[in-house]
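Numbering of the sequence shown is given in this note's numbering, commencing with residue 12 and proceeding in unit increments. In this text, a Cβ means the ideal position worked out from N, Cα and C, and glycines have one as well. This one's a predicted model, so the numbers in the text were calculated from it and none came from an experiment.
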Amino acid sequence: MRMRKSEMAVLGLILLSFILAVFLYPYMPEQMASHWNARGEVDGYMSKFWGLFLVPFTLLGVGILFIVIP
């Protein structure tokens, strides 16, 4: 199976998001704000692992779906 340039670019950006998350991991607090109420106050937190890796894992899943389901 040969990959198109667009697929390689998408996978490259996904890889870049993982590299960035790994690089920033030691600098982040243990708990990260994840939700704010209507007054702008934080009312939800998540661990730094999920705070940094939720988007890269989501991008990976969607990217794989777009490659597998043409």
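Between residue i and residue j, how many whole angstroms is the CB-CB distance? I'm expecting something under 8 Å.
i, j, result
"V33", "A44", "About 21 Å; that fails the 8 Å criterion."
Have a look at residue i and residue j and give me their C-alpha separation to the nearest angstrom.
i, j, result
"L27", "W47", "28 Å"
"Y38", "V79", "36 Å"
"A49", "Q42", "21 Å"
"G55", "L22", "31 Å"
"V73", "G51", "30 Å"
Just to confirm the assignment, what range does the alpha helix (DSSP H) spanning residue i have?
i, result
"G55", "Here G55 belongs to no alpha helix (DSSP H); instead the beta strand (DSSP E) covers V53 to S58."
"M39", "First-last for M39: undefined, no H or E at that position."
"I30", "K16 to L35"
Less than 9 Å between the C-beta atoms of residue i and residue j, yes or no?
i, j, result
"P40", "K59", "yes"
"I25", "P81", "no"
"L65", "F29", "no"
"L76", "Y36", "no"
Considering just the uninterrupted stretch of the beta strand (DSSP E) at residue i, what are its terminal residues?
i, result
"M43", "Q42 to W47"
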